[in-house]
Amino acid sequence: GSPPPSLTPALALTVFAASLSSLGFGFNIGVINAPQKVLEGEYNATWARRWGSPPPPQTISLLWSLSVAIFSVGGMGTWAWLKLAWNWAGRALLATNGLAVVGGALMGGAKLGPTYTLIIIGRFIVGAYSGLVSVLVPLYVGEVAPLRLRGALGTLHQLGIVLGILGAQVLGLRALLGTPAAWPALFGAGLLPAALQLLLLPLCPESPRFLLARGQRGRARRGECGAFGLAGVGLLELCRSRRYRQPLIVTLGLQLAQQLSGINAIFYYSTSIFEGAGLRDPAVGTIGTGVVNVAATVVLVERAGRRLLQLVGLLGMMGCLGGPVWGALALASALAFVGFFAVGPGPLPWFVGAELFPPGPRGAALGLAGLVNWASNTAVAMAFPDALGPFVFLLFGGLLAGFALFTFLLLPETRGRTFPGGGDPQNPSPPPLGTPLEKDTELQCLATHEEP
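What follows is the structure in structure tokens.
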């Protein structure tokens with residue numbers, strides 16, 4: 001038999017290049033947090049110059065909440081573009097960098113114009129960029145990755161996100177770029193992953209399954225896959241189909257569990273949370289959550305089942321919500337909360353969703369998953385912390401308990417299984433989740449030299 005697939009240089013380059021989008025996504029999540037006080041001062045000064053008097057505090061609070069939440073609105077609005085992006089497959093990642101460049105340039109140059117206006121517009125655009133890459137990266141990586149490496153490589157999307165968040169938190173320190181003079185450079189730094197990806201991604205192959213679906217078997221084999229091409233399934237057909245109902249419910253449930261767990265309340269508002277808890281230096285808490293998120297993301301996913309990790313993560317997060325609310329103990333509870341998130345609810349939803357669907361409906365399914373993810377993200381960003389005051393975490397605790405029960409009852413184990421090969425209209429019976437494919441349809445590794 002053939003040797004087991006390994007991490008070839010071509011595969012490593014491909015996954016690294018794709019994950020740069022995840023890095024930019026994470027950076028744009030975290031960049032708004034640390035310089036909150038600096039930007040609120042800038043908003044105040046901009047308003048006073050424009051209108052002749054300082055704004056009332058509630059106006060600054062509204063502008064700040066809009067600056068945070070508009071990112072999610074941008075991400076939510078991109079689901080309609082995903083059919084086109086799916087047709088472009090991996091090359092769509094290259095095109096999305098245009099959004100990253102425009103949005104980053106607007107925010108980096110915001111000091112030259114009406115600051116809050118340019119920040120809000122820029123955040124909307126990078127939100128649109130992030131909405132696209134949140135679907136395209138796990139889709140692309142999952143299709144080029146061999147079965148044995150798919151779980152480990154699938155976590156790199158979430159790892160890129162958490163590294164981006166951590167990088168933004170560190171650069172946002174007042175000792176670095178979180179100052180009244182340097183904050184434009186902080187926002188401009190988000191251009192760096194996009195610039196590097198523009199150089200590297202043209203060197204990478206298209207998704208092999210995508211090439212074969214377009215009849216390019218020779219190129220698909222040179223991309224090192226023998227895969228199957230299936231006609232695309234539209235969104236309406238997906239939603240009406242009994243065949244895909246359970247996988248779709250599970251996929252959407254995982255996305256809701258990720259966003260309604262309360263994790264973005266920590267990432268978007270951690271500085272305010274730690275200040276309210278009386279922590280002397282809230283930046284320590286903010287960066288601590290980023291470090292724990294990175295550390296927990298790089299372990300366990302291929303060493304334990306997806307179902308077990310999701311359950312442990314959700315129940316652990318629920319337990320952390322009952323922790324103390326002051327000082328160092330609040331920090332410890334927040335760090336544990338983030339750690340449990342990174343064990344399962346953080347990395348699993350995207351690539352488990354991809355594992356549940358054959359190629360035909362996968363684009364529509366992940367596009368709908370992206371819409372649900374970003375809609376719930378927007379709800380959290382806009383509702384926290386004012387909607388329910390100190391009781392907001394009780395709501396998150398109840399939701400976590402419900403999602404843990406959902407996981408126990410409905411989530412199948414997909415670890416070590418191939419992408420399902422169903423979706424053929426000539427074969428009306430739905431294949432079991434994870435049905436093994438024929439040997440010549442497995443993605444083995446990249447960069448083979450076999451000719452068609």
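Note that the UniProt record's numbering has the sequence shown beginning at 1, numbered continuously upward. We put the CB at the ideal spot given by N, CA and C, even for glycine. None of the values given here were measured: they were computed from a predicted structure.
In its chain, beyond the 5 residues on either side, L348, P349, V352 and G353 have a beta carbon closer than 7 Å to the beta carbon of L254. Each of P345, Y129 and L176 was checked against the Cα of S21, and the nearest Cα belongs to Y129. Secondary structure at R243: coil, using DSSP grouped into helix, strand and coil.
A Cβ-Cβ separation of about 5 Å places Q258 in contact with P345 under the 8 Å criterion. With contacts defined as CB atoms closer than 8 Å, Q169 and A34 qualify as a contacting pair. Rounded to whole angstroms, A182 and S72 show a C-alpha spacing of 25 Å. For T46 against P114, the beta-carbon gap comes to about 6 Å, under 8 Å, which counts as contact. Residue environment: C239 is assigned as exposed (fewer than 16 neighbouring CB atoms within 10 Å of its CB, all protein chains considered). Between L311 and F408, the C-beta spacing is below 8 Å. Under the 8 Å Cβ criterion, the region 55 to 74 counts as touching the region 116 to 126, having at least three qualifying pairs. Between I125 and G109, the gap from beta carbon to beta carbon reaches 8 Å or more. Here the alpha carbons of L368 and L236 stand approximately 11 Å from one another. G52 is positioned such that its CB atom lies no closer than 8 Å to that of A100. The alpha carbon of M318 has as its nearest neighbour, out of V338, I165, R243 and G172, the alpha carbon of V338. DSSP places L132 in the uninterrupted alpha helix (DSSP H) bounded by T115 to V144.
For W64, the CB contacts under 8 Å within the same chain, skipping 5 residues up- and downstream, are Q36, L39, E40 and Y43 in chain order. Apart from sequence neighbours up to five positions away, the residues of its chain that approach F393 with a beta-carbon distance below 7 Å are G262 and L321, ordered along the chain.
Taking 8 Å as the upper bound for CB-CB distance, I249 and L62 are not in contact here, some 37 Å apart. For S21, the enclosing alpha helix (DSSP H) starts and ends at P9 to G30. 8 Å or more divides the Cβ of V343 from the Cβ of L366. In the three-state DSSP reduction, C320 falls in the helix class (H, G or I). If you ignore the 5 residues before and after V372, its C-beta comes within less than 6 Å of the C-beta of L252 and Q255, all in its own chain and listed in chain order. In this structure L153 is in contact with A145, their Cβ atoms being roughly 4 Å apart against a cut-off of 8 Å. CA-to-CA, the gap between T378 and S134 works out to about 15 Å. When the alpha-carbon of I161 is set against those of L173, N264 and L198, the nearest one is in N264.
Shown here, E413 sits in coil according to DSSP, grouped into three states, outside any helix or strand. Counting of Cβ neighbours within 10 angstroms places R50 among the exposed residues, the total staying below 16.
Note on geometry: alpha-carbon atoms of A175 and A92 lie some 37 Å from one another. Closest by C-alpha distance to L314, out of L356, S333, G363 and F403, is F403. An exposed status is given to Q58, since fewer than 16 other beta-carbon atoms sit within 10 Å of its beta-carbon. Shown here, N373 sits in a helix according to DSSP, grouped into three states. Of all alpha-carbon atoms in L201, L192, Q158 and L159, the one lying nearest the alpha-carbon of A95 is that of L201. Each residue's CA atom was taken as its position, placing G363 and E355 some 12 Å apart.
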